[in-house]
Amino acid sequence: CIAYSHIPKDFRNKFDAKVEECVMMGYALTGYRLWNIQKRKIVNARDVEFNENRFWFKKGEVKINNDVGSELSDNETDKTGEILNENNDISNEVVCQVKGNSVNTRRNVKAPARFDVKAPARFDDFELYMAFDACGFVENVPICFEELENRPDKHNWLGAVDRELKAIESNDTWEKVQKPDNVNNILDTKWVFSYKTLEEKESDKFKAMLTIF
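Here the UniProt record's numbering is used: the first residue of the sequence shown is 1, the next is one more, and so on.
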């Protein structure tokens with residue numbers, strides 16, 4: 001069904017829309033998995049309102065055909081034949097030389113038919129199919145460190161965290177110092193996780209980066 005994801009005040013202006021129109025695709029560990037229609041990508045959101053009376057499907061049953069380009073209906077084939085047979089004849093004059101004598105020869109050349117091409121009805125829900133396919137390619141990565149505790153793949157992500165901390169220590173990226181008494185606005189840190197499908201070793205596919213914001 002259609003879902004409306006609330007946009008936090010920090011990410012919109014006074015006159016901007018307060019919600020984004022999406023399509024409910026499933027559930028995430030910390031909310032809902034949605035297809036953002038305008039941004040054309042999968043997003044996870046918590047503050048969501050649903051319109052259960054409105055669906056993104058058209059009326060009738062929707063079937064996903066993996067071989068959409070392999071079949072043409074009899075009606076489509078007949079119509080194509082009719083269009084191709086309605087070519088206009090263009091008389092084209094060709095002048096050639098035959099043993100020094102100029103001979104005018106006329107022949108009929110068929111011009112390519114010009115017509116509007118309309119996509120078959122089976123492609124009407126192409127964007128919907130694309131949304132479902134996108135779900136298969138989007139990895140369900142953690143959005144915060146606290147989420148790792150309840151995940152079945154917890155050990156993989158903690159391994160990525162350990163590798164990141166060791167890299168920071170070996171590269172002397174940061175230096176530990178005592179907090180001054182008169183300083184309160186200290187920057188915070190956040191873990192950002194990602195999944196790299198191109199890595200050969202399974203454990204190397206899990207990535208963690210400690211960032212400052």
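Cβ coordinates follow ideal geometry from the N, Cα and C atoms, glycine included.
As the structure is a prediction and not an experimental result, all values here were calculated from the model.
Per DSSP, which one or two residues make a beta bridge with residue i?
i: cysteine 22; result: Ala3, Asn36
i: asparagine 185; result: Paired residue(s): none; asparagine 185 is not in a bridge.
i: isoleucine 42; result: Trp35
i: tryptophan 191; result: Leu210
i: alanine 28; result: Gly31
In terms of residues, what are the limits of the beta strand (DSSP E) holding residue i?
i: leucine 198; result: From DSSP, leucine 198 is part of no beta strand (DSSP E); its letter is neither H nor E.
i: isoleucine 206; result: Checking the sequence shown, residue 206 turns out to be phenylalanine, not isoleucine. Counting along the chain, the beta strand (DSSP E) containing phenylalanine 206 begins and ends at 206-212.
i: glutamate 52; result: Careful: glutamate 52 lies outside any beta strand (DSSP E) and carries neither H nor E.
How would you write the range of the alpha helix (DSSP H) that residue i sits in, first residue to last?
i: glutamate 169; result: 154-170
What residues in its chain sit with their C-beta under 8 Å from that of residue i, if we drop five residues either side in the sequence?
i: tyrosine 195; result: Glu139, Val141, Lys205, Phe206, Lys207
i: leucine 158; result: Leu148
i: lysine 179; result: Ile186
i: asparagine 51; result: Cys1, Ile2, Ala3, Tyr4
i: valine 19; result: Tyr4, Ser5, His6, Ile7, Glu49
Exposed or buried, residue i, counting other C-beta atoms within 10 Å across all chains shown (16 or more means buried)?
i: phenylalanine 15; result: exposed
i: tryptophan 174; result: exposed
i: glutamate 61; result: Because the pLDDT at glutamate 61 is just 43, under 50, the model does not fix this residue reliably, and the value given afterwards should be weighed accordingly. That one is exposed.
i: residue 214; result: Shown here, the chain extends from 1 to 213; a query on residue 214 therefore has no answer.
i: alanine 160; result: buried
i: isoleucine 42; result: buried
i: tyrosine 32; result: buried
i: alanine 3; result: buried
i: alanine 17; result: exposed
i: glycine 45; result: According to the sequence as given, residue 45 is alanine; it is not glycine. By the 10 Å Cβ count, alanine 45 comes out buried.
i: leucine 165; result: exposed
Residues in its own chain within less than 7 Å of residue i by CB, not counting five upstream and five downstream?
i: isoleucine 37; result: Glu21, Cys22, Val23
i: lysine 99; result: Confidence at lysine 99 is low in this model, with a pLDDT of 43, below 50, so its placement is unreliable and no value can be given for it.
Where does residue i sit, in a helix, a strand or coil, going by DSSP?
i: glutamate 146; result: helix
i: glutamate 93; result: Residue placement at glutamate 93 cannot be trusted, given a pLDDT of 41 that sits under 50; what the coordinates show is reported in the next sentence. Three-state DSSP puts glutamate 93 in a strand.
i: phenylalanine 15; result: coil
i: lysine 179; result: coil
i: aspartate 47; result: coil
In chain order, what residues of the same chain lie with their CB nearer than 6 Å to the CB of residue i, ignoring the 5 residues before and after it?
i: threonine 211; result: Lys190, Val192
Check whether the Cβ of residue i lies closer than 7 Å to any heavy atom of the ligand MN, and answer yes or no.
i: glutamate 202; result: Of ligands this structure carries none, so the ligand MN is not represented either.
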